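Residue numbers (my numbering), protein chains in the order written: chain C, 1 to 334; chain A, 1001 to 1281. Ideal Cβ placement from N, Cα and C applies to all residues, glycine included. Remember, it's a predicted structure, so these values are computed and weren't measured experimentally.
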């Protein structure tokens, strides 16, 4: 018999977790928009719209300290960040396009060398996914192999039902544990009717065909056509659940400070700029080409995955109206 | 103890043991790891690179310019052109900097045993080959003839001037040094002309020979056709690609040429591999 949870009990679950010292991250209204953010009470949970930014910050913060250094009596000492202090976290209300992203990013952060900063957060986070019933024109998750009810990446999965509340399904051991620990908040209920799922307008794409075109068209006027208006603001990368390029910089003085890892974007002019002034990606179309290639070819070549979950955020955020879904759809027709 | 166990971004601490000014803006550091265990265990192959940090300013990527046959220290060589390299330049003998590495692939030195070698370098691109040159010279009997063609814009811009002299005096090395037209003084005892031209004049035989080329993109562009003309196949031309890097570990996403990550798949490539890549470097 499926387990269900009422809206009220979901809020209570959050409050219970918070009281136990767990960090709870979920969609929360901040002024005019909803963002994934640490919740302070269950009431703050706002599942009415897709959060403007992705949930990747839960595992891969915009900016994080990776070490600190101090020079004392002429001797420099470097100190590690104590990752043991990272809080146990529950990411609640993650849309499938967000919960699926860590499954893609795990590959790059754990191949060859492990990035413990990312992996420790992953280990300490339980993802409670939410079936998506509110898509918009920019959504295209189904076209890149996901769906509004994709459970991939979720530990526990919530499906909204008619009349309020959710069906709750444990997907992994982490989810089973969370459910069992708070069993009193869930009910057994046989007859439930799930709300209709969001229906992305761009339903399907032939990703293999798109990749095949990309395999053979590094040089193409197409890149100039699509990217001539790109202003290189980087919003698409920052808002993306799968973009993971980063920079490393020091903050502080010579005597004391810390080193930080922080988001970067291949759309930025200086991303690849050499110290000599030479830049392998000298103009914006070359940078935008890298964005498409990385998502739909390079990452696939290396890890067998597409670096996109079809959330559509970059389409909504682009100040000059570049539409990645339309671009790959066009490539698929070439 | 500063050995990175979990934190892959944590550098070893090293002391600057010696500083050599190669040119007005290019400097060599000889570095000794502060931790004895690191000093003993740190091993690398010619061609690998590292991330060097000036605390408070950040990290910069350079090759390890010394030879792994010379134990107890490593050397790097850098031009002061940016925030980090300017900060590195302000450091003095005895000061501390950070070193992460070694990263990347390396020159296939074992495959070069018994072969004749032609090193072709321009300007500040000698350090990536210099590690291999000394590596070969330190086990000289394993290699055939060794020719070094090295040029820079002016006499001042030649790096490792003291070593050029040493190579010039050795009978088992054929050094052809050159400066661009106009870059020579009255006392210049080398050639005058661009590296590709001088290479063509020197005309090393391609039989049983491998060419190792490192230089600015423009030099590489004009050198490859010369080598081809001299009979070198693309498999027997080895070069290094230098791209902007941050992590050195195949994660930060900026050094790729097509789907090839220079930090992991490189920096050493054959001309054949380079030609198969998208032309984005």
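Go ahead and label residue 160 (chain C) buried or exposed: buried means 16 or more other beta carbons lie within 10 angstroms of its beta carbon, across all protein chains shown.
buried
Residues of chain A with a CB under 8 Å from the CB of residue 276 (chain C): which are they?
1081, 1216
From residue 1195 (chain A) to residue 274 (chain C), what does the alpha carbon distance come to, in whole angstroms?
22 Å
Could you round the C-beta distance between residue 194 (chain C) and residue 153 (chain C) to whole angstroms and report it? I think they count as a contact, below 8 Å.
Rounded, the Cβ-Cβ distance is 20 Å, inconsistent with contact.
How far does the beta strand (DSSP E) with residue 148 (chain C) in it reach, from first residue to last?
Per DSSP, residue 148 (chain C) belongs to no beta strand (DSSP E) and is neither H nor E.
Using a cut-off of 8 Å between C-beta atoms, extract the partners of residue 1247 (chain A) located in chain B.
Looking at the structure shown, chain B is missing, and the protein chains on hand are C and A.
Cα-Cα separation between residue 987 (chain A) and residue 1113 (chain A), rounded to whole angstroms
Outside the displayed span of chain A (1001 to 1281) sits residue 987 (chain A), for which this structure offers no information.
Which residues in chain A sit within 8 Å of residue 283 (chain C), going by Cβ to Cβ distance?
Those do not exist, as residue 283 (chain C) stays about 11 Å from chain A at its closest Cβ, beyond 8 Å.
Let's see if you can read the secondary structure: which residues bound the beta strand (DSSP E) around residue 33 (chain C)?
33-38
Can you check which of these residues, A:1072, A:1148, A:1277, is closest to residue 1209 (chain A) by C-alpha distance?
A:1148
Can you pull the DSSP bridge partners for residue 263 (chain C)?
C:246
Closest Cα partner of residue 1239 (chain A) within the set A:1018, A:1158, A:1119:
A:1119
For the beta strand (DSSP E) that contains residue 67 (chain C), what are its first and last residues?
63-72
Within a Cβ cutoff of 6 Å, which residues of the same chain sit near residue 943 (chain A), ignoring the five residues on either side of it in sequence?
No answer is possible for residue 943 (chain A): the residues shown for chain A start at 1001 and end at 1281.
Secondary structure at residue 1001 (chain A), three-state DSSP: helix, strand or coil?
For residue 1001 (chain A), the predicted model reports a pLDDT of 34, less than 50, meaning its position is unreliable and no value from the coordinates is stated.
Along chain C, in chain order, which residues have C-beta atoms closer than 8 Å to that of residue 1105 (chain A)?
Going along chain C, no residue has its Cβ under 8 Å from residue 1105 (chain A), so there is no contact; the nearest lies around 12 Å.
Neighbour-count burial assignment, residue 19 (chain C), 16 or more Cβ in a 10 Å radius
exposed
Which residues, taken in chain order from the segment 1129-1163 of chain A, show a beta carbon closer than 8 Å to some beta carbon of chain C?
none
Identify, in the order they occur along the chain, each residue of the same chain with its Cβ nearer than 8 Å to the Cβ of residue 1093 (chain A), setting aside the five sequence neighbours on each side.
1016, 1017, 1018, 1019
In chain A, what lies closer than 7 Å to residue 254 (chain C) by C-beta?
1055, 1056
Under the assumption that residue 1123 (chain A) contacts residue 1231 (chain A) (Cβ atoms under 8 Å), give the Cβ distance between them as a whole number of angstroms.
Contact doesn't hold; Cβ gap of about 26 Å is too wide.
Could you tell me which of A:1011, A:1070, A:1276 sits nearest to residue 1139 (chain A), measuring between CA atoms?
A:1070
By DSSP, does residue 311 (chain C) sit in helix, in strand, or in coil?
coil
Check whether the segment 49-60 of chain C and the segment 87-104 of chain C touch, using three or more Cβ-Cβ pairs below 8 Å as the test.
yes
Rounded straight-line distance, which links the Cα of residue 8 (chain C) to that of residue 326 (chain C):
40 Å
Within 10 angstroms of the Cβ of residue 115 (chain C), are there 16 or more other Cβ atoms? Answer buried if so, exposed if not.
buried
What residue range is occupied by the uninterrupted beta strand (DSSP E) comprising residue 27 (chain C)?
23-30
Shorter than 8 Å from the beta carbon of residue 1178 (chain A) to some beta carbon of chain C?
no
First and last residue of the alpha helix (DSSP H) that includes residue 173 (chain C)?
173-181
What separation, rounded to the nearest whole angstrom, lies between the Cα atoms of residue 1009 (chain A) and residue 1252 (chain A)?
12 Å
Please confirm if the segment 11-31 of chain C is in contact with the segment 78-97 of chain C, defined as three or more CB-CB distances below 8 Å between the two stretches.
yes
Chain-ordered chain A contacts of residue 266 (chain C) [CB-CB under 8 Å]
1253, 1254
Which residue or residues does DSSP assign as beta-bridge partners of residue 160 (chain C)?
C:166
When DSSP builds the beta bridges, which residues end up paired with residue 1243 (chain A)?
Answer by DSSP bridge pairing: none, since residue 1243 (chain A) is not bridged.
Does chain C have any CB closer than 8 Å to the CB of residue 1008 (chain A)?
yes
Expressed to the nearest angstrom, what Euclidean distance is found between the alpha-carbon atoms of residue 34 (chain C) and residue 189 (chain C)?
31 Å
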